[in-house]
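Novice: Residue numbers (UniProt numbering): 1 to 382.
Glycine included, C-beta positions come from ideal geometry on N, C-alpha and C.
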């Protein structure tokens, strides 16, 4: 934001898309809650991009400046943990007469209405104050944005050059669509791989677009990773960090597991199956956690962010309610056809470990994760 744009905003009164704050307190839970509420309300209000400008006395408009003791990543984490789906925002630092002013840009995303996780409330702005949305306002927002997928949220700062066009072309060709330099951009926009910001006219890549079609997505979504902790093989690195597009992550994780576990009779394919499902169905709206795999002699544990829904009166965990956009892209692009089998994934895992030991599936509502605990290699030998 240039200084001219800043002063144009400063001349305006606080309203549905503009809020001034003297300081920002995110050190306390109440402060984080209030910030999330403000961002949720501004994002749900009509009128394009919104702004929270910090370092301004809200009544006098005096520029007092602010000590920037917070980062964009901290604000993103507050949003992703408290608002569903996550709201696309970015931070800007503006200097004026030796004073720092922080601007939170709240983009006009396609996923309205946004909802607070804690109490389920939908907030909007009425003038310069926050208020709960009325029934008709919620219905209207839902009707305008019927496609409520977290994968379709645009990621601020993401650039088109991070997309691997070879993967994009392969996807569309598999659908019988010929791709060239003239139609590729339009096809990607139609498929929600990219999103155009109405205010700036610039393209951003969606969360799903980065996950499937970018090999360097960790620059924008660092939570897309697998951390493998090796406690059994001294000849292999202790910690492996695996990043990339989702299909490449699956391949690299399988290779790492096979290098760590060298006991020939141990069914490593069952571990790889669990990792593939974690990659496919984890909660990607949680920007604060990654998939973790801990390999020890007593057990192998896969922990995936986001609990799974459980069908009533059955032991079947319903993965399919999450990430259907991602699922369609992966089964289309996966030349190894790893997700086209008829047997349920967890049944396959249990069958693979039938002669090794019991596999436990833990769905934690309290901690919001899904965990698979396999028997370790302790009882097996080459």
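At which residues does the beta strand (DSSP E) containing residue 32 begin and terminate?
Specialist: Sequence index remark: in the chain shown, residue 32 carries index 32 (1-based). Premise fails: residue 32 lies in the alpha helix (DSSP H), 29-44, not in any beta strand (DSSP E).
Novice: Among the candidates 290, 30, 214 and 180, whose CA atom is the shortest distance from the CA of residue 158?
Specialist: The sequence position of residue 158 within the chain shown is 158, counting from 1. Ranking 290, 30, 214 and 180 by Cα distance to residue 158 puts 214 first.
Novice: Quick one, which of 354, 340 and 207 has its alpha-carbon nearest residue 270's?
Specialist: Along the chain shown, read from residue 1 onward, the residue named residue 270 stands at position 270. When only C-alpha atoms are compared, the closest one is 354.
Novice: Is the beta carbon of residue 64 closer than 8 Å to that of residue 24?
Specialist: Taking the chain shown and counting its residues from 1, the one referred to as residue 24 is at position 24. Taking the chain shown and counting its residues from 1, the one referred to as residue 64 is at position 64. No, Cβ-Cβ distance for residue 24 and residue 64 is not below 8 Å.
Novice: What span of residues does the beta strand (DSSP E) with residue 20 cover, start to end?
Specialist: Translated into the one-based positions of the chain shown, residue 20 becomes position 20. Segment 18-21, the beta strand (DSSP E) holding residue 20.
Novice: Helix, strand or coil: how does DSSP classify residue 237 here?
Specialist: Mapped onto the chain shown, residue 237 falls at position 237. Residue state, collapsed to three classes: coil.
Novice: Should the segment 39-55 be regarded as contacting the segment 103-115, the criterion being three or more beta carbon pairs within less than 8 Å?
Specialist: Result yes; three or more Cβ-Cβ pairs closer than 8 Å.
Novice: How about residue 243 and residue 218: are their beta carbons less than 8 Å apart?
Specialist: As a working note, residue 243 is residue 243 in the chain shown. As a working note, residue 218 is residue 218 in the chain shown. Yes, these two residues count as a Cβ contact at 8 Å.
Novice: Just verifying my parser: in three-state terms, what is the DSSP assignment at residue 279?
Specialist: Residue 279 sits at position 279 when you count from the first residue of the chain shown. Three-state result, residue 279: helix.
Novice: Mapping DSSP to helix, strand and coil, what is residue 171?
Specialist: Sequence index remark: in the chain shown, residue 171 carries index 171 (1-based). Helix.
Novice: What's the gap between the Cα of residue 368 and the Cα of residue 361?
Specialist: By 1-based counting over the chain shown, the position of residue 368 is 368. By 1-based counting over the chain shown, the position of residue 361 is 361. Distance between the alpha carbons of residue 368 and residue 361: 14 Å.
Novice: Could you tell me the alpha carbon to alpha carbon distance between residue 122 and residue 112, rounded to whole angstroms?
Specialist: On the chain shown, residue 122 is found 122 positions in, with the first residue counted as 1. On the chain shown, residue 112 is found 112 positions in, with the first residue counted as 1. Using only the alpha carbons, I get a separation of about 10 Å.
Novice: Give me, in chain order, the residues of the same chain whose beta-carbon lies closer than 7 Å to that of residue 198; leave out the 5 immediate sequence neighbours on both sides.
Specialist: As a working note, residue 198 is residue 198 in the chain shown. Closer than 7 Å at the Cβ level, and outside the excluded window around residue 198, lie 48 and 108.
Novice: For residue 306 and residue 88, I'd like the C-alpha separation in whole angstroms.
Specialist: Numbered from its first residue, the chain shown carries residue 306 at position 306. Numbered from its first residue, the chain shown carries residue 88 at position 88. Approximately 20 Å between the Cα atoms of the pair.
Novice: So the beta strand (DSSP E) residue 349 belongs to, where does it begin and stop?
Specialist: Counting from one through the chain shown, the residue named residue 349 turns up at place 349. Looking at the DSSP string, residue 349 is not in any beta strand (DSSP E); the run it does join, the alpha helix (DSSP H), is 345-352.
Novice: Taking the alpha-carbon positions, what's the residue 264 to residue 200 distance?
Specialist: Indexing the chain shown from 1 puts residue 264 at position 264. Indexing the chain shown from 1 puts residue 200 at position 200. Each residue's alpha carbon lies about 57 Å from the other.
Novice: Could you tell me the distance, in whole angstroms, from the CA atom of residue 281 to the CA atom of residue 69?
Specialist: Start at 1 with the first residue of the chain shown, and residue 281 comes out as number 281. Start at 1 with the first residue of the chain shown, and residue 69 comes out as number 69. Each residue's alpha carbon lies about 35 Å from the other.
Novice: In the segment 43-99, which residue ranges form an unbroken beta strand (DSSP E) of at least 3 residues, counting only runs that do not cross its ends?
Specialist: The qualifying runs are 50-54 and 89-96.
Novice: Less than 8 Å between the beta carbons of residue 285 and residue 129, yes or no?
Specialist: By one-based count along the chain shown, residue 285 stands at place 285. By one-based count along the chain shown, residue 129 stands at place 129. Contact flag unset, no.
Novice: Measuring CB atoms only, is the segment 291-298 touching the segment 225-237, in the sense that at least three cross pairs come out at less than 8 Å?
Specialist: With the cut-off at 8 Å, the segment 291-298 and the segment 225-237 touch.
Novice: Under 8 Å Cβ to Cβ from residue 350, same chain only, skipping five residues before and after it: list those, please.
Specialist: Here residue 350 refers to the residue found at position 350 when the chain shown is read from its first residue. For residue 350, where only same-chain residues beyond five positions count, the Cβ hits under 8 Å are 359.
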